[in-house]
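Take -1 as the starting number for the sequence shown in this note's numbering and just add one per residue.
We put the beta carbon where it would ideally sit given N, CA and C, even for glycine.
Written out below as structure tokens is the structure these notes cover.
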Amino acid sequence: MKNFIATGNTLTITAEADIASGAGVLIGSIFGVATGPIANGAEGVINLTGVYDLPKAASQAWTVGAKVYWDNTAKACTTTVGSNTLIGIAVLAVGGSAGETTGRVRLNGAAV
-1 MKNFIATGNT
9 LTITAEADIA
19 SGAGVLIGSI
29 FGVATGPIAN
39 GAEGVINLTG
49 VYDLPKAASQ
59 AWTVGAKVYW
69 DNTAKACTTT
79 VGSNTLIGIA
89 VLAVGGSAGE
99 TTGRVRLNGA
109 AV
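Listed below in structure tokens is the structure:
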């Protein structure tokens, strides 16, 4: 095919702020995880698919298969819909205690 561009698992973006390696990045309705540090104004790559351990709202318990959203204000995953962006599903159950601040998420790879 002459019109094939890429598999679409990654995307090169221009950072609007410093981004740490492994950090969640929301650009419009596209969510990805930075493959390395990206300086403000520089180009870098984000993964749009895969399974990642990401920061989550400490007050929430997750079950396997729960829809996971990105709270761009808190820079954390949540199961609360609100104005948050759907990014994938939980693939590991996790409790809701104050010390449980990481959740395992399979990214859906879709802009919604």
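Beta-carbon proximity check, residue i vs residue j, cutoff 7 Å
i    : j   : result
R104 : V89 : yes
I87  : G63 : yes
I11  : I44 : yes
N80  : Q58 : Sequence check: residue 80 is Gly here, not Asn. For G80 and Q58, no; Cβs fall outside 7 Å.
N82  : T76 : yes
Residues that residue i bridges to, as DSSP identifies them
i   : result
T47 : N106
I36 : I17
G22 : V31
K0  : BP columns for K0 are empty, so no partner.
Bounding residues of the beta strand (DSSP E) (the contiguous stretch that carries residue i)
i   : result
A74 : 74 to 76
I87 : 83 to 88
K65 : 65 to 69
T8  : 8 to 12
Beta-carbon proximity list for residue i, same chain, < 8 Å, skipping 5 on both sides
i   : result
A15 : N38
P35 : D16, I17, A18, S19, G42
G97 : A56
Contacts around residue i, its chain only, beta-carbon distance under 7 Å, and the 5 residues preceding and following it disregarded
i   : result
G22 : F29, V31, L52, W68, K73
T47 : N7, L105, G107
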